[in-house]
Amino acid sequence: MLRYLEGTVFEKKQDTIGLMVGGFGFLIQCSKKVMETTILGEQKGLYTYLHVSENGFSLFGFQDEEELEVFQMLMKVKGVGAKSAMSFMRFLNLEEITRAIAFSEIALLTTVPGVGKKTAERICFELKQKMLKHGDSKPDLALDAHISNSVTEAMITLGFSPGEAVRAIRGALEKKGGFSSEEELLQAALQEVQVRKTYSD
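Each residue of the sequence shown is one higher than the one before, counting from 1 in UniProt numbering.
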């Protein structure tokens with residue numbers, strides 16, 4: 001099995017890179033982190049997973065062993081598989097994935113193309129405990145999942161997208177670390193939206 005490849009990046013597209021290794025060119029579907037950090041022409045090392053199916057071979061690339069591990073966890077969930085697992089890795093960063101699963105942030109998980117509510121709930125059910133133990137899933141940065149989800153739903157009702165709502169809530173939690181009520185968290189999340197909007201303008 002191809003566990004790790006290192007070579008020269010000769011091609012970079014939307015979600016794939018071409019890696020020249022020992023005279024052979026490998027086309028690799030990569031995670032969001034890989035695509036954000038890869039520069040055409042540089043020497044690059046990737047942790048890889050070779051997926052074999054009736055449709056042929058697919059090679060997936062990851063920034064580090066931790067990303068590969070989370071991908072393999074997702075792939076083993078019933079009804080997910082390699083293609084959907086890679087959609088998570090391409091659409092969200094590692095921290096977003098681990099926290100969303102650990103704290104049952106269904107709204108964020110369903111922003112991934114092709115992932116419905118039932119699939120997101122199944123992923124949380126099967127992987128929640130594993131993600132809570134994962135390095136990036138620090139309980140001290142999160143409220144009770146029920147409270148967080150209630151505020152997410154409130155923000156969606158106000159017209160925000162699920163992704164915007166979850167990211168604003170997470171930003172508020174990371175700055176303060178804890179809130180005494182849903183109302184307090186909602187106010188902080190709305191302020192976080194304004195701050196982000198100001199920086200983006």
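Every residue, glycine too, gets a C-beta built ideally from N, C-alpha and C.
Decide if residue 27 is buried, meaning its Cβ has at least 16 other Cβ atoms within 10 Å, or exposed. What you label residue 27 is simply residue 27 of the sequence shown in a count that begins at 1. Result: exposed.
Quick check on the DSSP output: the alpha helix (DSSP H) that includes residue 103 runs from which residue to which? Taking the sequence shown and counting its residues from 1, the one referred to as residue 103 is at position 103. Unbroken run through residue 103: none, as it is neither H nor E.
Over the uninterrupted beta strand (DSSP E) stretch that includes residue 6, give me the two end residues. Against the sequence shown, residue 6 aligns to sequence position 6. Note, residue 6: beta strand (DSSP E), 4–12.
Measuring only the C-alpha atoms, how far is residue 42 from residue 9? Translated into positions along the sequence shown, residue 42 becomes position 42. Translated into positions along the sequence shown, residue 9 becomes position 9. Distance between the alpha carbons of residue 42 and residue 9: 6 Å.
Quick test of your reading: residue 4 and residue 56, contact by CB under 8 Å. State the CB separation rounded to the nearest angstrom. In the sequence shown, residue 4 corresponds to position 4, counting from 1. In the sequence shown, residue 56 corresponds to position 56, counting from 1. Residue 4 to residue 56, Cβ: 22 Å. No contact.
To the nearest angstrom, how far is the alpha carbon of residue 170 from that of residue 58? Sequence index remark: in the sequence shown, residue 170 carries index 170 (1-based). Sequence index remark: in the sequence shown, residue 58 carries index 58 (1-based). Their backbone Cα atoms lie some 34 Å apart in a straight line.
Which term fits residue 21, buried or exposed, when burial requires 16 or more other beta carbons within 10 angstroms of its beta carbon? In the sequence shown, the residue the question calls residue 21 occupies position 21. So residue 21 counts as exposed.
Work out the CA separation of residue 149 and residue 81 for me, nearest whole Å. Position 81 of the sequence shown, counted from the first residue, corresponds to residue 81. Position 149 of the sequence shown, counted from the first residue, corresponds to residue 149. Roughly 26 Å between the two C-alpha positions.
Got a sec, what are the start and stop residues for the beta strand (DSSP E) residue 45 sits in? The residue you call residue 45 lines up with position 45 of the sequence shown. Residues 43–53.
Counting C-beta neighbours from all protein chains within 10 Å, is the total for residue 180 16 or more, i.e. buried, or is it exposed? Locating residue 180 in the sequence shown gives position 180, counting from the first residue. Answer is exposed; the Cβ neighbour count stays below 16.
Spatial neighbours of residue 71 in its chain, beta-carbon cut-off 6 Å, leaving aside the 5 residues before and after: In the sequence shown, counting from the first residue as 1, residue 71 sits at position 71. The answer, listed in chain order, is 85 and 89.
Are three or more beta carbon pairs between the segment 88–107 and the segment 119–126 nearer than 8 Å? yes
In terms of residues, what are the limits of the alpha helix (DSSP H) holding residue 171? One-based indexing of the sequence shown puts residue 171 at position 171. Residues 162–176.
If you count every other CB in all the chains shown that lies within 10 Å of the CB of residue 54, and 16 or more means buried, which is it? Counted from its first residue, the sequence shown places residue 54 at position 54. Result: exposed.
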